[in-house]
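In terms of this note's numbering, the sequence shown opens at residue 629 and continues consecutively.
Every residue, glycine too, gets a C-beta built ideally from N, C-alpha and C.
Every value quoted in this text rests on a predicted model; they were computed, and no experiment measured them.
Below: the structure, in structure tokens.
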Amino acid sequence: IYYKYITTTHPGRRRLQMPKDYQRLAEKAYDLLEEKVTSLELAPGEIYSEAELSAAIGLGRTPMREALLRLAKEKLVEMIPRRGVRISPIDLTNHVALLETRKALDVLIVTRAARRVNAAQKTRLREYAQRMTRAGARDDHDAYREVDADVDALLTAASRNPFAVEAVAHLYAHCKRFW
């Protein structure tokens with residue numbers, strides 16, 4: 629990986645910035661690994677080597693490592709020196725605490741969204757409600773999860789509260805594992 633120096637707004641100070649291609653690969657690695665963790669394709673409690681995970685997502689070790697660091701920060705995985713990566717087990721006690729936290733943040737996001745939603749967003753919410761009803765009637769769990777994610781994205785955008793959105797974002801991944 630080649631890093632380039634860029635000048636910041638402070639004269640004489642420089643900082644490292646990753647090339648955009650590398651950032652995209654790290655983001656792609658994160659998305660792929662998060663999906664494998666939340667879908668339980670990577671079994672909770674199991675330990676995987678970095679080489680196994682890199683092969684599973686089809687990307688190099690460096691972007692995969694960046695993704696793993698982010699997942700570790702979000703408590704979806706645990707880095708075990710000289711052994712590999714442990715997928716965090718699903719713990720009901722922790723999940724209850726997570727739901728308490730998510731509820732408080734969701735209330736904030738939804739109340740802000742209700743006050744700030746625009747006409748186009750209201751129309752999309754109605755469409756999502758219809759899609760969700762149809763998916764429920766068909767017992768189509770995948771379609772229901774998809775529209776649920778769309779609703780979450782629309783509400784977070786409508787809330788216009790980036791701090792609440794950032795605070796709740798990684799909690800969604802933990803909740804997906806319980807679906």
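Cut-off 6 Å between Cβ atoms - residues of its own chain near residue i, not counting five sequence neighbours on either side
i: residue 803; result: none
i: residue 789; result: 740
i: residue 682; result: 689, 692
i: residue 700; result: 707
Distance CB(residue i)-CB(residue j) smaller than 8 Å
i: residue 801; j: residue 704; result: yes
i: residue 740; j: residue 787; result: yes
i: residue 653; j: residue 691; result: yes
i: residue 799; j: residue 726; result: yes
i: residue 775; j: residue 760; result: yes
Cut-off 8 Å between Cβ atoms - residues of its own chain near residue i, not counting five sequence neighbours on either side
i: residue 638; result: Note that residue 638 scores 48 on pLDDT, short of 50, meaning its location in the model is unreliable; the coordinates nonetheless yield the value given after this. Contacts found: none.
i: residue 718; result: 672, 805, 806
i: residue 678; result: 689, 692, 693, 696, 712, 713
i: residue 766; result: none
i: residue 748; result: none
Inter-residue CB distance, residue i and residue j (contact presumed, cutoff 8 Å)
i: residue 706; j: residue 714; result: 4 Å
i: residue 711; j: residue 737; result: 38 Å between Cβ atoms; not a contact.
i: residue 698; j: residue 796; result: Contact doesn't hold; Cβ gap of about 16 Å is too wide.
Neighbourhood of residue i by C-beta distance below 7 Å, restricted to the same chain and skipping five residues each side
i: residue 792; result: 733, 736, 737
i: residue 764; result: 772
i: residue 716; result: 672, 703, 704, 705, 706
i: residue 670; result: 664, 676, 715
i: residue 752; result: 782
i: residue 742; result: none
Minimum length 4: unbroken alpha helix (DSSP H) runs contained in the segment 726 to 774: 747 to 766
Just to confirm the assignment: which complete alpha helix (DSSP H) runs, minimum length 4, are found wholly within the segment 641 to 719? 648 to 666, 678 to 685, 689 to 701
Count the CB pairs spanning the segment 682 to 702 and the segment 658 to 669 that are closer than 8 Å, and state whether there are at least three. yes
Inter-stretch contact (C-beta, 8 Å, three-pair minimum) for the segment 750 to 769 and the segment 777 to 786: yes
Considering only residues of the segment 773 to 806, which uninterrupted alpha helix (DSSP H) runs meet the minimum length of 4 residues and lie entirely inside it, listed in chain order? 790 to 804
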